[in-house]
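Protein chains in written order, with the working numbering: chain D, 67 to 438; chain E, 67 to 438; chain C, 54 to 430; chain A, 54 to 430.
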Amino acid sequence: MRNNQMVAMILAGGRGTRLYELTDKVAKPAVYFGGKYRIIDFPLSNCANSGVQTVGVLTQYESIFLNSYVAQDSRWGLDTRDGGVYVLPPREKSGGFSIYRGTADAITQNIDFLDQKEPDHVLILSGDHIYKMDYSKMLKQHEDNNADATIAVLEVPLKEASRFGIMNTDENDRIIEFEEKPQQPKSNLASMGIYIFSWKRLKQYLLADEKKEDSEHDFGKDIIPAYLKANRSLYAYRFKGYWKDVGTIDSLWEGNMDLIDPKSGLDIFDPSWRIYSEDITYPAHTITDTAKISNSMVNQGCLIEGEIKRSVLFHDVVVAKGASVVDSVLLPGTRVEAGAKLKKVIVGEGVVISARKKVGTDGEVTLVSKDI
Amino acid sequence: MRNNQMVAMILAGGRGTRLYELTDKVAKPAVYFGGKYRIIDFPLSNCANSGVQTVGVLTQYESIFLNSYVAQDSRWGLDTRDGGVYVLPPREKSGGFSIYRGTADAITQNIDFLDQKEPDHVLILSGDHIYKMDYSKMLKQHEDNNADATIAVLEVPLKEASRFGIMNTDENDRIIEFEEKPQQPKSNLASMGIYIFSWKRLKQYLLADEKKEDSEHDFGKDIIPAYLKANRSLYAYRFKGYWKDVGTIDSLWEGNMDLIDPKSGLDIFDPSWRIYSEDITYPAHTITDTAKISNSMVNQGCLIEGEIKRSVLFHDVVVAKGASVVDSVLLPGTRVEAGAKLKKVIVGEGVVISARKKVGTDGEVTLVSKDI
Amino acid sequence: MSEILGIINFESNAVEVSGLSDYRGIPSLSFMGRYRIIDFVLSNMSNSAISNIHIHVRGNSRSISEHVGTGRHFNINSKRGSLHVFSNESEMKASAYHTDISSMSQNLEFLSDADEQYVLIAPSYFVYSFDYNDLLAEHLKSNADISMLYKSTDNANEVCIGCDTLSYEKDGCNPDLRRVVSIGVNRGKHKNRSISLECYLMRKSLLLELLKEAREISPFYWLKDIIREKVDELAINGVALRHPVRCINSLESYYTTHMNLIDQSKSKAFFREDWPIFTRTSDSPPTLYNSTARVKNSTISNGSMIMGTVENSIIGRNVVIEEGAVVRNSIILTRAHIASGIELDRAIVDKRAKVFNAKNICAAADDIIYIGRSETV
Amino acid sequence: MSEILGIINFESNAVEVSGLSDYRGIPSLSFMGRYRIIDFVLSNMSNSAISNIHIHVRGNSRSISEHVGTGRHFNINSKRGSLHVFSNESEMKASAYHTDISSMSQNLEFLSDADEQYVLIAPSYFVYSFDYNDLLAEHLKSNADISMLYKSTDNANEVCIGCDTLSYEKDGCNPDLRRVVSIGVNRGKHKNRSISLECYLMRKSLLLELLKEAREISPFYWLKDIIREKVDELAINGVALRHPVRCINSLESYYTTHMNLIDQSKSKAFFREDWPIFTRTSDSPPTLYNSTARVKNSTISNGSMIMGTVENSIIGRNVVIEEGAVVRNSIILTRAHIASGIELDRAIVDKRAKVFNAKNICAAADDIIYIGRSETV
C-alpha cells in the first residue's frame with residue numbers, strides 16, 4: 067500500500083461493562099485473549115499485515131493502560147518513519163472538554179488529525195472483534211468500484227440476521243438499503259462494523275452531520291443512511307472466515323475455546339498472517355512429571371504440575387500438583403494451588419485459587435476476579 | 067541507569083499564549099526552535115542521554131500534534147523494550163472529566179501510571195526550557211544525599227533573583243527555605259523547575275495535598291513548602307551552563323540567536339550530547355552563486371539565492387535573489403521572494419513574504435504568521 | 054501487500070570508484086552529502102510498497118547492516134516486512150567466483166521461503182526515482198517472461214561505459230511487448246544507446262530456474278550473463294525509464310554526477326516531493342556559518358561548520374572548513390576537516406580525513422585528486 | 054550513563070559444539086528453546102546499564118546482526134547507545150590468525166572513539182545472570198589493573214574442560230585485592246578448581262596497550278594469552294561469581310546443561326524475576342496441545358504443536374511433534390518436524406530438520422545423536 071493511501075481509525079472507546087471486572091482497570095480492547103494477546107492486537111496486526119502504516123486509536127474511558135499498550139507501536143511493526151499508532155482521546159477545545167458522542171463524532175473530532183495525514187481513504191475498525199482480514203483486498207475492491215464507501219459484510223444464517231445490521235444489495239453487491247436489526251431480513255449480509263470511506267467525501271458528511279441536532283452521530287444510524295439517501299455508491303465487501311465479537315464474558319470464553327478447536331476456523335498458527343503482541347520475557351513453559359495436558363494452549367513462563375484439559379493458559383500461570391483445570395481460561399499470573407478444581411472458569415490476572423477449592427460448573431461461565 | 071530507577075514526567079500543558087500565533091495549532095513544547103528542533107526535543111534528548119528510559123508527557127491543551135510528535139519515541143531512542151514516551155492527558159474518571167489543576171495535580175492524576183512503572187524516583191521537568199543537562203548526575207547527588215527531594219538551581223545575578231523562586235540553603239546545599247520571587251533575595255540560587263523526588267514519599271504528599279481545599283496543587287507553592295515544613299531533606303543541585311525559558315516571542319528569538327553566538331554557551335554541536343529530533347527527508351541545502359551568507363544556521367532542504375545574516379533557517383526555506391534576511395528566524399517552508407527585506411522577524415511555518423516587501427525593525431521582534 | 058520481493062544486487066568487479074571503493078562497497082558510498090547510494094534503490098522499493106528485501110553485498114556487511122537497520126527509517130514495517138543483508142566475505146579473495154548467482158544460491162532458503170510471486174532485482178549504482186509498480190504493470194500487460202528497465206541516452210560515449218546495452222523490436226503478435234533481441238556492452242563508441250539498468254522483474258520461479266541453469270553452465274556466470282544467453286528463448290520486455298538516471302560506475306562519473314547535481318533544477322528530479330529518498334539520520338544540527346564564511350554554488354549538509362570559502366562543492370555531514378581554507382570544485386565527505394590556509398581544487402576528501410599541512414591540492418582540469426579515509430595530509 | 058564499554062568476545066577454536074556449530078557460531082546457538090546463548094551476556098550488559106556494546110563474531114555476522122538489531126528489544130537506547138557487530142569472515146579460513154586481538158585491532162577506531170573509561174570483555178559461552186556493576190565496584194575497591202570473574206567449582210573434572218583456571222593469593226598490603234598469581238588450563242584432572250569466566254574489566258587505555266603489545270609478540274596471541282603473561286606485572290584481581298554458571302563448550306555440555314535446566318528449581322537462578330533475559334521475539338502463538346499429546350518433564354516453547362509423546366526434552370519454537378511420534382531425552386530446535394511413528398532418544402534435532410523416515414533414532418546411554426540443519430531423514 068502506498069504511504070497514506072489509507073489510514074485506519076480504531077474505535078476503542080467502549081467501557082465494556084458486559085465484561086464486568088475484566089474491564090475494571092483496562093478498556094475493552096486491552097482485555098486479554100488467546101493465551102498471549104489482547105483483543106486490539108487483532109485489528110492492529112491486521113493493519114500491519116495489510117500494509118496500513120498509520121492507525122489512530124480513539125479511546126474514551128480510563129485509557130491509561132490502553133494508551134501505553136498501543137503507544138509501543140513497534141510491537142506491530144507500526145513504528146515506521148511515516149507511520150505510527152496514535153492514541154486519540156477527546157481533547158480540551160476552546161469551548162471546554164468534550165467527549166465522543168458517537169462513532170461518527172469520534173472521527174469528526176479528529177478531522178485535524180486525518181487532514182494532517184492526508185489519506186485517500188479512511189478505514190474504520192472496531193477494537194473488540196477477533197478476526198484476520200486483509201484490508202488491502204477490501205481497499206482494492208473499494209478502488210475498483212470507485213466507491214464512496216465499502217462495508218465489510220459477513221454472511222450469517224438468515225434466522226440470525228435479525229440480530230445484525232443487514233445490507234440489502236443489488237447483483238453487483240452495491241448496497242441499496244441498510245436495515246438495523248430487521249424483523250424480516252431481506253438478506254443475510256451482516257455488517258461487521260468495518261468501513262472504508264474515501265476521506266474527502268466522508269469529511270463533508272461528518273461536518274454536515276455534526277450540525278444536525280437530532281443525529282446520534284453514529285456511522286450505522288446516521289452516516290450510512292445519509293450516504294444512501296444521497297445515492298452515493300456504497301458497496302458490500304464479502305468477508306469469509308472467522309469473525310467474533312467478544313464483548314461479553316460468554317463470547318470471550320467461546321472465542322478462547324475456538325482457538326483450541328481445529329474446526330473453528332480461527333488459525334493463529336498461519337505464518338503468513340501472524341498476530342503480533344507484547345513481547346514478554348519469560349522462559350519457555352515447563353510441564354513436570356506429575357502433569358497431564360491435552361487440547362490446550364499454554365504460553366511461556368507457565369509451570370504445569372497438574373491436569374489441564376481444553377483450556378487456555380496465559381503466561382506465568384502455575385498449576386500445582388493434583389489441581390485440575392478444565393474448559394477454562396487462566397489469565398497471566400494465575401496460581402492454581404494443589405488439588406483445586408476449575409471447570410469452565412475465566413480466572414483474572416494474578417488471581418490465586420487456594421488449595422482444594424472447587425470453582426465453576428458445566429453451565430454458565432464463571433468469572434473469578436479475586437483470590438478465593 | 068537501572069531500569070525504572072527514575073521515570074521522567076514532563077509538564078507540557080501550557081497553552082503558551084505569550085507565543086501568540088506560534089501556539090495556535092501546537093502546544094508550547096512543540097514550538098519550533100533552533101533550525102531543526104522543537105522545544106520538547108531538549109528535555110527528551112536530555113532524558114535519552116541521561117539513561118532515563120520512561121517519560122510521561124502531561125498535556126492539557128490541544129495536544130493532537132504534540133501527542134503524535136512525542137509518540138514517535140524512536141526519535142529519541144526511547145522506544146526500548148521497557149521504556150517509552152507516554153502521552154498522559156487528563157482522563158475521564160467515574161466522576162466525569164477532570165483537568166489538571168496544577169503542576170502537582172498533573173502528577174497526582176497519574177499516580178496509577180507511575181505505580182505501574184514502579185520507579186524509585188520521579189524526575190519532574192518542564193516542557194519549555196532550552197538546556198542540556200545530565201540528569202543521572204543529579205540523581206547520583208540525590209541518592210548520595212539520601213534526599214527526599216532535589217531541586218536543580220541556577221546561580222543568577224543577585225539583582226535578578228527577585229524574578230525567580232529562590233532557594234536558601236545551608237553549607238551542604240540543603241534547602242532551608244524557599245521564597246517565590248522574594249523582594250529581598252537572600253541567595254542567588256534560582257529554581258529551574260527541575261525536581262527529583264523519591265516516589266514513595268512524593269506519593270504520600272500528593273495524596274495529602276489532593277485533599278487540601280486551599281491548595282493550588284503546585285510543586286513550588288504547595289508541595290515543596292509542605293516538605294520543608296515537615297523538615298524533609300531537600301537539597302539543591304547546582305547546574306552550570308546554558309538554560310533559558312523560551313516562553314515569550316522575545317526569549318524565543320533570543321534563544322535562537324544564542325545558537326549562532328559562539329559566546330552564548332549553548333553548543334548543539336557537541337557529539338557527546340546530541341539533541342535528537344524528527345528526521346526530515348530533504349536533501350542537503352544549496353547556496354547559489356547569487357547568495358551571501360554569514361553568522362547563520364541553515365537546515366536541510368533550503369535554497370538560498372539571497373543574503374542571509376545572523377539568522378536561523380529551518381528546513382525547506384527558499385530565499386530568492388536579492389532578498390535579505392537579517393537577525394531573523396524562518397520556520398519550515400518559509401518563502402522569501404525576490405527583493406524582500408526581513409529584519410528581526412520570526413516567520414511562521416509555510417508563510418510567503420512577497421517580492422520586495424520590507425518587514426521588521428531594529429527594535430522589537432516582529433512575528434509574521436501569515437502571508438504578506 | 055506487495056507481490057514483489059526486492060533484491061538489491063551487487064555490482065560486478067567492473068564497477069569501481071577508485072579510492073573511495075577501497076574502503077566500502079558501492080552501495081555504501083556517500084551521495085550528495087547526506088545520502089548513501091543504496092538509499093535510492095531502497096527508497097524506490099519502499100515507496101513502491103515492497104517490504105521484503107534482500108540486499109546482497111560484496112565484502113563486509115557491517116556498514117550496510119547498520120545503515121538499513123530494521124528498515125523502519127526506510128518506512129518498512131519490521132514485523133510484516135523483512136530486510137536481510139547477505140554478504141560473502143570469505144569468497145572475496147577469489148572474487149571471480151563471487152557472483153550474484155553464487156550469492157543468491159547460497160541463500161536460496163530465504164528466496165524459497167518468501168511468499169511473493171515476483172522478484173525485482175536491481176543494483177544500487179544506477180541512481181533514479183521510480184515506482185516499480187509501473188514496471189510490474191508493464192510486465193503484466195506485455196505477458197513477458199522478464200521485463201527489464203532501460204534508459205535511452207544520447208551521450209553513451211561519455212557515460213555508462215561498460216554497462217549493458219540492449220536492442221529491441223516490436224513483437225509481431227504482441228503490441229505490448231518491446232522485445233529485447235540482443236544485449237551488448239557499451240564501449241563508448243556511440244552516442245545513442247539504450248542502456249540496461251540491470252533491473253529485472255520476473256516470476257520468482259523463473260529466477261530459481263535461471264540460478265540453477267547458470268550454476269550448471271559456469272561458476273563465473275552472473276545473472277546478466279544467463280539473461281543475455283536467454284534472449285532468444287525467453288520473451289524479454291524492455292521498459293523505458295522516463296526519469297533521469299545517473300550511473301555511478303567510476304570515480305569520474307561519481308565526481309561529474311555530484312558537480313552536476315549541485316544545480317537544484319537538475320537534482321529535483323531525483324529528490325521529488327512525492328517520492329522521498331530515505332536515509333539514516335545522523336542527528337546532526339543544522340549547518341553553522343560564521344562571519345568569515347564565503348559560499349557560492351554549493352550543497353552543504355547538516356552538522357558542518359563553514360568558516361572558510363566554499364565554491365562549486367559538495368560538503369558532507371559534520372565537516373569543518375576552517376577560516377582561511379578554500380574549497381573549490383570538490384567533494385568533502387563526512388567528518389573531514391580542512392584547516393586554515395589549505396586550498397583544494399577538484400579534490401575528493403574521504404570520510405574523517407584531515408587536511409592540515411598540504412597547502413595546495415589542486416588537480417589539473419581533467420584530473421581529480423583523492424584523499425583517503427582517515428588520512429591526515 | 055555507564056562508564057563501561059561492553060565487548061562481547063568470540064570463543065577460541067577449542068570451543069565447539071559438534072554439529073550445531075557447523076551452521077552458526079556459539080553465540081547464535083539456540084538455548085532452552087527460545088533463547089540464543091548470546092542473550093545472557095547481552096542481557097547482563099543491558100541490565101547493568103551498559104549501552105555501548107561491541108560484538109565480535111567469528112564467521113558470518115548476519116544472524117547475530119538480525120538477532121540483536123538496533124538493541125531496542127534488549128532495552129538499549131538506540132540513539133545514545135550503540136551496538137556494533139564485527140566479523141572477519143575473510144580470515145576464517147586461516148583461523149589461527151583470527152584471534153580476538155586481531156578482531157579488536159581491526160576495529161580500533163570504534164574502540165578509540167568510545168567515551169567510556171572502562172571496558173568489560175566477556176565471551177557468550179559462559180551462561181549466568183550477573184550485574185557487572187558489582188564487578189566494577191570490586192575493581193575500584195581493589196585498585197587492581199584488571200579484575201576478572203571466576204567461578205569456584207567442585208566438579209571441574211566434568212565441566213569446563215579446557216577452560217582457564219586461576220590461582221590467587223591475598224595481597225599483603227591490599228586486603229581488597231585477591232591477587233591472581235597464575236593462570237592455567239583445566240585438563241579435568243581435579244574436582245576443585247577456580248574457573249576463569251574470561252570476563253575482564255579494565256581501563257580502556259590498558260586494553261589498548263595490551264592489544265598493541267600482543268600484536269608485537271605474535272599474531273596468534275589471544276587476549277587471554279597476553280593477560281596470562283602479565284600476571285606478575287599487573288595487579289589482577291580475581292572476583293568470585295556467587296551465582297550458578299553453565300559453560301557451553303562442547304556438544305556434551307550443551308546437552309547436559311539443557312537436560313539439567315528442565316528442572317525449574319535449577320533454571321530459576323538463570324531466569325530471575327529482577328534480571329530479565331531478553332531475546333528477539335518470533336511472534337509465535339502459545340503452544341498448542343491436542344487430544345493425543347502426552348508430555349512429561351519437558352520445557353516447551355511457543356509456536357509448537359504437540360500431538361505426540363514428549364518426555365525429558367526441550368522443544369524449541371514452532372516445532373511440530375505429530376501424533377504417534379515419541380521424543381525422549383532430546384533437544385528439538387526451531388521449526389523441526391517429527392513425524393508420526395518416529396521414536397527419538399538422546400537426539401539433538403537441528404533447526405528445520407524433518408524426521409520423517411528414520412524410525413528409531415536412539416543413542417546409546419553416553420552418546421548423543423545429532424540431526425543436521427534442514428536435513429530430512
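Glycine included, each C-beta is placed from N, C-alpha and C at the ideal position. All values derive from a computational prediction rather than experimental measurement.
DSSP three-state label for residue i, please.
i: E:M467; result: This structure cannot speak to residue 467 of chain E, because chain E is shown only from 67 to 438.
i: D:E430; result: coil
i: A:H126; result: helix
i: A:L386; result: coil
i: D:S160; result: With a pLDDT of only 45 at D:S160, under 50, the local geometry of the prediction cannot be trusted, and the value read off the model is given with reservation. DSSP places D:S160 in coil when its eight states are reduced to three.
i: A:C415; result: strand
i: A:M201; result: strand
My assumption, with CB atoms under 8 Å, is that residue i sits in contact with residue j. Please give the rounded CB distance.
i: D:L132; j: D:A93; result: 4 Å
i: A:R370; j: A:S354; result: 5 Å
i: D:V299; j: D:N211; result: The question names Val, but residue 299 of chain D in the sequence shown is Ser. 7 Å between Cβ atoms; contact.
i: A:N365; j: A:R347; result: The Cβ separation is near 13 Å, so there is no contact.
i: D:L220; j: D:L77; result: About 18 Å; that fails the 8 Å criterion.
i: C:S71; j: C:Y423; result: 7 Å
For residue i, decide whether its Cβ has a neighbour in chain C, counting only Cβ atoms nearer than 8 Å.
i: E:G101; result: yes
Terminal residues of the continuous alpha helix (DSSP H) containing residue i?
i: E:S111; result: D107 to S116
i: C:P176; result: First-last for C:P176: Y171 to P176, but that is the beta strand (DSSP E), not the alpha helix (DSSP H).
i: A:I91; result: I91 to N100
i: A:I395; result: First-last for A:I395: undefined, no H or E at that position.
i: C:N313; result: L304 to L314
i: D:F179; result: I177 to K183
Is there at least one Cβ from chain E nearer than 8 Å to residue i's Cβ?
i: A:F331; result: yes
i: C:T334; result: yes
i: C:L341; result: yes
Determine, using beta carbons only, whether residue i comes closer than 8 Å to chain A.
i: E:T146; result: yes
i: C:S155; result: no
Where does the unbroken beta strand (DSSP E) through residue i begin, and where does it stop?
i: E:W309; result: W309 to D311
i: D:N133; result: It is not in any beta strand (DSSP E) - D:N133 instead sits in the alpha helix (DSSP H) that spans I130 to A137.
i: E:F244; result: I241 to E246
Report yes or no: is there a C-beta of chain D within less than 8 Å of the C-beta of residue i?
i: E:E138; result: Reading off the sequence shown, one finds Gln at residue 138 of chain E, where the question assumed Glu. It does; some Cβ of chain D falls within 8 Å.
i: C:K35; result: Absent from the structure is residue 35 of chain C, since the part of chain C shown begins at 54 and ends at 430.
Does the pairing of the stretch 316-330 of chain E with the stretch 254-263 of chain E give three or more beta-carbon distances under 8 Å? no
Count the CB pairs spanning the stretch 240-251 of chain A and the stretch 323-340 of chain A that are closer than 8 Å, and state whether there are at least three. no
Examine the Cβ distances between the stretch 301-314 of chain C and the stretch 195-214 of chain C and report whether three or more of them are shorter than 8 Å. yes
Contact between the stretch 313-330 of chain C and the stretch 313-324 of chain E: three or more CB pairs below 8 Å? no
Do the stretch 285-296 of chain C and the stretch 176-187 of chain C make contact, defined as three or more Cβ pairs closer than 8 Å? yes
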